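Student:
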Amino acid sequence: MGIFIDTSAFIALINHDDEFHYKSSDLFIKATETDERFFTSNYIILETIFLLQREFGLSAVNDFRKFMLPLVKIIWIDEKIHNDCLNNLITAEKRKISLTDYSSFYILDSFKIDRVFTFDKHFKEKGYQIL
616 MGIFIDTSAF
626 IALINHDDEF
636 HYKSSDLFIK
646 ATETDERFFT
656 SNYIILETIF
666 LLQREFGLSA
676 VNDFRKFMLP
686 LVKIIWIDEK
696 IHNDCLNNLI
706 TAEKRKISLT
716 DYSSFYILDS
726 FKIDRVFTFD
736 KHFKEKGYQI
746 L
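Under our numbering, the residue at position 86 of the sequence shown is numbered 701, and the numbers go up by one with no gaps.
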């Protein structure tokens, strides 16, 4: 159905000093050439903006908003999804997997998105297909 973009991929695409920058750029270009649809969540956007603002400033946030966000469909986490994901987080008792990751897992399963553009090992551990 499409490709879900995680925070780690957004950061790698934007940050030229990121160890995965060139790999992510190549993957992103190849995916755009095949007319793939890109998805992310409002939680991923929030997390990405926080990291960009902290590390690079508001001009990087503005560039992200102007150039990257128009390329993705944002799936919004509502109150019900948030509460379901929070329950999953608490039930799993895994401190190193974030609520944002659990919300991403929820979206991947619910929307039948088959691939993830990420450098976060938790997605592979959960059995998702990683680009």
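Even for Gly, the Cβ is constructed at its ideal location relative to N, Cα and C. Treat the numbers as computed from the prediction; the structure is a model and nothing was measured.
Determine the direct distance from the alpha carbon of V676 to that of Q668, and round the result to whole angstroms.
Tutor: Cα to Cα, the separation comes out at about 6 Å.
Student: Given a cut-off of 8 Å on the beta-carbon distance, is the pair S623 and D735 in contact?
Tutor: Cβ atoms of S623 and D735: closer than 8 Å.
Student: Which class does K741 belong to by DSSP, given the choice of helix, strand or coil?
Tutor: Correct three-state label for K741: coil.
Student: With distance defined between alpha-carbon atoms, name the residue in F625, F654, D650 and T649 nearest to S640.
Tutor: With distances taken between Cα atoms, S640 lies closest to F625.
Student: Run through DSSP, which three-state label would R710 get?
Tutor: Of the three classes helix, strand and coil, the one that applies to R710 here is coil, per DSSP.
Student: Among K741, K739, Y721 and H631, which residue has its Cα nearest to the Cα of F671?
Tutor: Per the Cα distances, H631.
Student: Return the Cβ separation of L723 and F619 in integer angstroms, given the expectation that the two are a contact with Cβ distance under 8 Å.
Tutor: Confirmed, about 6 Å.
Student: Taking the continuous beta strand (DSSP E) assigned at R730, which residues delimit it?
Tutor: Start and end: R730 to F732.
Student: What number of angstroms, rounded off, separates the C-alpha of L704 from the C-alpha of I664?
Tutor: Roughly 23 Å separates the two Cα atoms.
Student: Could you check what DSSP says for K688 in three-state terms: helix, strand or coil?
Tutor: Of the three classes helix, strand and coil, the one that applies to K688 here is strand, per DSSP.
Student: Whose C-alpha, out of L684, I629 and T655, is nearest the C-alpha of F720?
Tutor: Per the Cα distances, T655.
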